[in-house]
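Asks: For reference, each letter of the sequence shown is one residue, going 2 to 674 in the numbering used here. Beta carbons: idealized from backbone N, C-alpha and C, even for Gly. Pasting in a structure now, in structure tokens, and then I'll have a few things to ask.
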Amino acid sequence: MMESGRSTTNSAKLARLGFTELDLSARLLASPALVELFAEIDIDDSESHLEDANGFLAQIAATADPDQALLLLTRFMEACSDQQRRRISSTLVADRDTLGRLVEVLGMSEALGEFIIRHPEHWSILADAEVLAMAPAASQVRASLLQAVGADPKAPAPIADGQSTEVLNRLRISYRSHLLGIAARDLAGLAPMESVASWLSDLADGVLEAALAIARSGLPEGAPACRFAIIGMGKCGGRELNYVSDVDVIFVAEASEGDEAGALKTATDLAIGVMRACNSVTTEGSIWEVDPALRPEGKQGALVRTIESHIDYYERWAKTWEFQALLKARPSAGDLELGARYVDAVAPFVWSAADHDGFVTDVQAMRRRVEEQVPARIGERELKLGPGGLRDVEFSVQLLQLVHGRSDVMLRSSTTLDALEALAVWGYVGRDDASTLADAYRFLRTLEHRLQLHRLRRTHTMPEDESDLRRLGRSLGYRGDPVGELHAKWRTHAREVRRLHEKLFYRPLLQAVARLDAGEARLTPEAAEQRLRALGYQDPAGALRHLEALTSGVSRRAAIQRTLLPVMLGWFANAPDPDAGLLGFRRVSDALGSTHWYLRLLRDESTAAERMAQVLASSKYATELLLRAPENVAMLADQSELEPRPLETLLAEVASAAERHDDPVIAVGAVRS
Numbered sequence: 002m003m004e005s006g007r008s009t010t011n012s013a014k015l016a017r018l019g020f021t022e023l024d025l026s027a028r029l030l031a032s033p034a035l036v037e038l039f040a041e042i043d044i045d046d047s048e049s050h051l052e053d054a055n056g057f058l059a060q061i062a063a064t065a066d067p068d069q070a071l072l073l074l075t076r077f078m079e080a081c082s083d084q085q086r087r088r089i090s091s092t093l094v095a096d097r098d099t100l101g102r103l104v105e106v107l108g109m110s111e112a113l114g115e116f117i118i119r120h121p122e123h124w125s126i127l128a129d130a131e132v133l134a135m136a137p138a139a140s141q142v143r144a145s146l147l148q149a150v151g152a153d154p155k156a157p158a159p160i161a162d163g164q165s166t167e168v169l170n171r172l173r174i175s176y177r178s179h180l181l182g183i184a185a186r187d188l189a190g191l192a193p194m195e196s197v198a199s200w201l202s203d204l205a206d207g208v209l210e211a212a213l214a215i216a217r218s219g220l221p222e223g224a225p226a227c228r229f230a231i232i233g234m235g236k237c238g239g240r241e242l243n244y245v246s247d248v249d250v251i252f253v254a255e256a257s258e259g260d261e262a263g264a265l266k267t268a269t270d271l272a273i274g275v276m277r278a279c280n281s282v283t284t285e286g287s288i289w290e291v292d293p294a295l296r297p298e299g300k301q302g303a304l305v306r307t308i309e310s311h312i313d314y315y316e317r318w319a320k321t322w323e324f325q326a327l328l329k330a331r332p333s334a335g336d337l338e339l340g341a342r343y344v345d346a347v348a349p350f351v352w353s354a355a356d357h358d359g360f361v362t363d364v365q366a367m368r369r370r371v372e373e374q375v376p377a378r379i380g381e382r383e384l385k386l387g388p389g390g391l392r393d394v395e396f397s398v399q400l401l402q403l404v405h406g407r408s409d410v411m412l413r414s415s416t417t418l419d420a421l422e423a424l425a426v427w428g429y430v431g432r433d434d435a436s437t438l439a440d441a442y443r444f445l446r447t448l449e450h451r452l453q454l455h456r457l458r459r460t461h462t463m464p465e466d467e468s469d470l471r472r473l474g475r476s477l478g479y480r481g482d483p484v485g486e487l488h489a490k491w492r493t494h495a496r497e498v499r500r501l502h503e504k505l506f507y508r509p510l511l512q513a514v515a516r517l518d519a520g521e522a523r524l525t526p527e528a529a530e531q532r533l534r535a536l537g538y539q540d541p542a543g544a545l546r547h548l549e550a551l552t553s554g555v556s557r558r559a560a561i562q563r564t565l566l567p568v569m570l571g572w573f574a575n576a577p578d579p580d581a582g583l584l585g586f587r588r589v590s591d592a593l594g595s596t597h598w599y600l601r602l603l604r605d606e607s608t609a610a611e612r613m614a615q616v617l618a619s620s621k622y623a624t625e626l627l628l629r630a631p632e633n634v635a636m637l638a639d640q641s642e643l644e645p646r647p648l649e650t651l652l653a654e655v656a657s658a659a660e661r662h663d664d665p666v667i668a669v670g671a672v673r674s
């Protein structure tokens with residue numbers, strides 16, 4: 002009976018610590034594999050139970066899934082030799098931080114737990130605090146992966162020591178060892194999400210380089226020489242990769258000498274070899290799928306092309322989405338100089354894409370099609386494609402980049418958060434809106450990372466199982482009510498993302514800016530003067546002076562004016578007196594420019610900007626009324642404020658304004674204002 006009572010007491014305390022599989026956990030704690038590690042464990046009745054067993058249980062209990070962490074820790078120790086187990090136990094007892102890193106990984110990632118169970122020697126990366134504190138440079142990751150397949154990292158074109166399953170397994174083991182280090186840094190909170198994504202992208206580059214070395218080893222003797230580059234696309238190209246994702250690529254080649262057809266045949270063999278090295282399933286699993294579907298003509302097109310062939314296709318046949326995809330292009334592996342030439346060659350297509358008729362509506366329609374393809378049964382649980390998901394942020398940022406980036410090189414980043422920051426700094430997006438979007442994007446990407454880490458499977462769909470949701474919530478630090486807190490935070494971010502997506506992605510000003518050519522949108526003095534004359538301004542020199550006064554300098558106010566005015570010049574010109582309209586706009590802007598809402602209103606509610614242009618360029622009397630009470634500009638954004646009002650309402654408002662003043666002169670002034 003005493004033993005039963007003790008078991009009940011221990012189970013209760015395990016439950017308070019956060020364990021749910023109470024009987025199993027109690028048995029595991031008594032496992033011979035953990036004897037040395039938990040020799041001093043005695044879960045007593047003290048109030049300070051979190052300090053019991055030298056804090057070991059508390060560290061396990063603090064993980065995302067304590068039951069999983071304890072089970073995998075037991076299996077890991079069982080997989081070790083007696084000598085390894087004694088050495089590891091000694092390390093964990095002496096270094097509580099190392100124990101914390103180990104159980105954090107085991108509590109979050111079943112897949113990485115299985116990896117170190119199969120290969121116990123690779124756990125040692127978790128014991129090296131210096132290595133974990135500073136992520137290895139991309140060049141170090143590349144060298145490590147090349148060495149794993151027997152290639153010389155210093156060779157101009159490294160060649161692996163074969164294509165055997167054993168070589169492929171060595172690549173997979175090295176890849177997962179690096180992944181283990183990234184996950185440990187991530188879960189320990191040593192770096193922000195964007196750093197984790199960049200490390201994963203560096204790792205992908207290194208894997209592609211090692212896969213290329215494997216492919217080279219299979220070329221027949223005397224194969225025509227070629228230069229060969231792998232262009233990272235999508236999240237890999239943007240250096241914002243997930244833990245588990247297809248790696249989108251484009252293959253580019255050119256002849257080293259004269260035989261272009263032979264060089265392309267060699268390059269095609271290399272491309273096939275790279276895909277096989279990464280995609281193949283061995284006893285160590287696969288890595289991820291290398292997907293070349295973004296190439297010209299998609300799956301029907303040639304696997305490898307020269308730069309010239311790519312250019313010919315983009316000039317003649319490419320669709321809107323293909324230019325948008327090229328925004329992320331980056332040399333990832335192979336001949337990086339050739340890759341850089343490719344990126345430079347296609348850049349003009351990216352930054353002139355918005356010149357194409359219907360570009361903005363095409364991109365908007367594309368986003369709607371993507372959303373419509375999400376099955377209804379999982380739409381509400383989709384982190385990536387559904388409403389309020391990652392694609393809402395990415396499409397919004399990319400559309401703003403492609404429209405405004407034609408004339409502003411500061412927006413030309415391939416990384417979502419860097420681009421969003423630039424859009425905010427240079428006045429294209431409100432600072433509060435950008436901050437809200439960035440916070441939501443980081444949250445959603447972190448949630449996606451945690452979701453994929455569990456089994457290292459590609460997924461973007463929130464689970465329905467309570468235990469899976471609990472693990473996710475705890476991994477993000479929610480301990481009181483992990484599932485409830487997770488859902489609340491996720492839904493809050495999703496609502497904000499959707500609201501801002503609809504505000505920014507469908508902003509009417511985008512259509513108007515896209516209709517301008519790049520020179521007009523840039524508002525250089527030469528382009529501005531030519532356009533002013535063409536639009537019918539009577540005093541182009543005077544108009545230029547107004548433009549300079551409104552747009553000169555580096556202030557946020559000037560930056561927003563540089564976005565608005567190229568479009569507003571055309572709106573002024575559609576009214577009777579464009580010169581008066583521009584002058585009136587300068588005067589109203591001088592009166593209101595320092596307020597926080599004025600330019601934001603005109604930028605984000607371009608109906609208000611267009612109405613204001615019509616008023617200012619049509620009536621000097623209306624302009625003077627606005628100058629008398631410039632805050633009334635806000636009325637132009639609200640259709641209901643512009644509807645004619647019944648006479649009774651107007652008389653009541655006049656009487657109310659007059660009655661607030663005893664002085665007749667002041668009362669008349671109040672009525673007129």
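If we call anything under 8 Å between Cβ atoms a contact, is Gln60 one with Leu100?
Replies: Translated into positions along the sequence shown, residue 60 becomes position 59. Translated into positions along the sequence shown, residue 100 becomes position 99. Taking 8 Å as the Cβ cut-off, Gln60 and Leu100 qualify as a contacting pair.
Asks: Going by DSSP in three states, Glu255 sits in which element: helix, strand or coil?
Replies: Taking the first residue of the sequence shown as 1, we reach residue 255 at position 254. It is a strand residue.
Asks: Suppose the cutoff is 6 Å on Cβ atoms and the five residues either side in sequence are ignored; what does the same chain contact list for Asp203 look like?
Replies: Within the sequence shown, the letter at position 202 stands for residue 203. Contacts found: Ala139 and Val142.
Asks: Over the uninterrupted alpha helix (DSSP H) stretch that includes Cys227, give me the two end residues.
Replies: The sequence position of residue 227 within the sequence shown is 226, counting from 1. Premise fails: Cys227 lies in the beta strand (DSSP E), Cys227 to Gly233, not in any alpha helix (DSSP H).
Asks: Report back the beta-carbon spacing between Glu383 and Val375 to the nearest angstrom; my notes put them in contact at under 8 Å.
Replies: Start at 1 with the first residue of the sequence shown, and residue 383 comes out as number 382. Start at 1 with the first residue of the sequence shown, and residue 375 comes out as number 374. Between Val375 and Glu383 the Cβ distance is about 5 Å, and since that is below 8 Å, they are a contact.
Asks: Under three-state DSSP, which class holds Gly182?
Replies: Along the sequence shown, read from residue 1 onward, the residue named residue 182 stands at position 181. In this structure, Gly182 counts as helix in the three-state DSSP scheme.
Asks: Which residues bound the beta strand (DSSP E) around Ser333?
Replies: As a first step, residue 333 must be located in the sequence shown, where it is residue number 332. Note, Ser333: beta strand (DSSP E), Arg331 to Gly335.
Asks: Can you tell which of Met463, Leu457 and Asp356 has its C-alpha closest to the C-alpha of Gly380?
Replies: Taking the first residue of the sequence shown as 1, we reach residue 380 at position 379. Nearest C-alpha to Gly380: Met463.
Asks: Tell me, please, which residues DSSP counts as bridged to Val250.
Replies: Walking along the sequence shown from the start, residue 250 turns up at place 249. In DSSP, Val250 forms a bridge with Gly233.
Asks: Beta-carbon within less than 7 Å of Ala522's beta-carbon, same chain only, minus the 5 sequence neighbours each way: which residues are those?
Replies: Locating residue 522 in the sequence shown gives position 521, where the first residue counts as 1. Cβ within range, chain order: Arg407, Ser408, Val514 and Pro567.
Asks: I'd like to know if the stretch 497-511 and the stretch 533-551 are in contact, where contact means that at least 3 CB-CB pairs between them fall below 8 Å.
Replies: Too few Cβ pairs lie closer than 8 Å, so no.
Asks: If you count every other CB in all the chains shown that lies within 10 Å of the CB of Asp43, and 16 or more means buried, which is it?
Replies: Taking the first residue of the sequence shown as position 1, residue 43 is located at position 42. Note that Asp43 scores 49 on pLDDT, short of 50, meaning its location in the model is unreliable and no value can be drawn from it.
Asks: Which complete alpha helix (DSSP H) runs does the stretch 278-340 hold, if anything under 4 residues is left out?
Replies: Fully enclosed alpha helix (DSSP H) runs of 4 or longer: 308-317 and 321-327.
Asks: Exposed or buried, which one is Lys329 when buried takes at least 16 other CB atoms within 10 Å?
Replies: As a working note, residue 329 is residue 328 in the sequence shown. The residue is buried, with at least 16 neighbouring Cβ atoms inside 10 Å.
Asks: Select from Pro297, Gly233, Thr307 and Gly302 the residue whose C-alpha is nearest the C-alpha of Leu265.
Replies: Along the sequence shown, one-based indexing puts residue 265 at 264. Checked all of Pro297, Gly233, Thr307 and Gly302; the closest Cα to Leu265 is Thr307.
Asks: Helix, strand or coil: how does DSSP classify Glu383 here?
Replies: Within the sequence shown, residue 383 is the residue found at index 382, counting from 1. Glu383 falls in the strand class under three-state DSSP.
Asks: For Arg1, which residues of its own chain have a beta-carbon under 6 Å away from its beta-carbon, when the five flanking residues on both sides are left out?
Replies: A query on residue 1 cannot be resolved here, the shown segment of the chain reaching from 2 to 674 and no further.
Asks: Report yes if the C-beta distance between Arg675 and Gly238 is below 8 Å; otherwise report no.
Replies: As shown, the chain starts at 2 and ends at 674. That puts residue 675 outside it, with no answer to give.
Asks: In or out: Gln640 buried (at least 16 other Cβ within 10 Å) or exposed?
Replies: The residue labelled residue 640 in the question sits at position 639 within the sequence shown. Result: exposed.
Asks: Hey, out of Tyr429, Lys385, Pro388 and Ser310, whose CA is closest to Leu403's CA?
Replies: Residue numbering aside, residue 403 sits at position 402 when the sequence shown is read from its first letter. The shortest C-alpha separation from Leu403 is found at Tyr429.
Asks: Taking three-plus beta-carbon pairs below 8 Å as touching, is the stretch 291-308 in contact with the stretch 252-271?
Replies: The answer is yes - the stretch 252-271 touches the stretch 291-308, with three or more Cβ pairs under 8 Å.
Asks: In this structure, how does DSSP classify Thr462 when only helix, strand and coil are distinguished?
Replies: For this step, residue 462 is matched to residue 461 along the sequence shown. Strand.
Asks: Which class does Tyr507 belong to by DSSP, given the choice of helix, strand or coil?
Replies: As a first step, residue 507 must be located in the sequence shown, where it is residue number 506. Three-state result, Tyr507: coil.
Asks: Which word fits Val410, buried or exposed, when buried means at least 16 other C-beta atoms lie within 10 angstroms of its C-beta?
Replies: Here residue 410 refers to the residue found at position 409 of the sequence shown. Counting Cβ neighbours within 10 Å, Val410 comes out exposed, since fewer than 16 surround it.
Asks: Out of Leu23, Val208 and Val344, which has the shortest C-alpha to C-alpha gap to Val291?
Replies: Residue numbering aside, residue 291 sits at position 290 when the sequence shown is read from its first letter. Of the candidates Leu23, Val208 and Val344, the one whose C-alpha sits nearest the C-alpha of Val291 is Val208.
Asks: Taking DSSP as the reference, what is the three-state secondary structure of Gly239?
Replies: Reading the sequence shown from its first residue, position 238 is the one you call residue 239. Of the three classes helix, strand and coil, the one that applies to Gly239 here is coil, per DSSP.
Asks: Give me the Cα-Cα distance between Leu213 and Ser257, rounded to the nearest whole angstrom.
Replies: For this step, residue 213 is matched to residue 212 along the sequence shown. For this step, residue 257 is matched to residue 256 along the sequence shown. Spanning the two alpha carbons is a distance of roughly 17 Å.
Asks: Going residue by residue through the stretch 387-445, where are the continuous alpha helix (DSSP H) segments of at least 4 residues, counting only ones entirely within it?
Replies: Runs found: 391-405 and 417-426.
Asks: Beta-carbon within less than 6 Å of Gly585's beta-carbon, same chain only, minus the 5 sequence neighbours each way: which residues are those?
Replies: Working through the sequence shown from its first residue, we reach residue 585 at position 584. Leu617 and Thr624.
Asks: Go through the stretch 341-382 residue by residue and report every complete run of the alpha helix (DSSP H) that reaches 4 residues or more, in order.
Replies: Qualifying alpha helix (DSSP H) stretches, in chain order: 360-373.
Asks: May I ask you to verify whether the stretch 517-532 touches the stretch 545-554, counting CB pairs closer than 8 Å and requiring at least 3?
Replies: A contact exists between the stretch 517-532 and the stretch 545-554.
Asks: Can you tell me whether DSSP reads Ile22 as helix, strand or coil?
Replies: Translated into the one-based positions of the sequence shown, residue 22 becomes position 21. The residue asked about is misnamed: residue 22 is Glu in this sequence, not Ile. In this structure, Glu22 counts as coil in the three-state DSSP scheme.
Asks: Excluding the 5 residues flanking Glu105 on each side, which residues of the same chain have their C-beta closer than 6 Å to its C-beta?
Replies: In the sequence shown, counting from the first residue as 1, residue 105 sits at position 104. Excluding positions up to five away in sequence, the list reads Thr64 and Leu188.
Asks: If you draw a straight line from the C-alpha of Asp422 to the C-alpha of Leu73, how long is it?
Replies: Reading the sequence shown from its first residue, position 421 is the one you call residue 422. Reading the sequence shown from its first residue, position 72 is the one you call residue 73. Residue identity differs from the one stated: residue 422 is Glu in this sequence, not Asp. Answer to the nearest angstrom: the Cα atoms are 41 Å apart.
Asks: Buried or exposed for Pro665, please, with buried defined as at least 16 other CB atoms from any protein chain shown within 10 angstroms of its CB.
Replies: As a working mapping, residue 665 is identified with position 664 in the sequence shown. Burial call: exposed.
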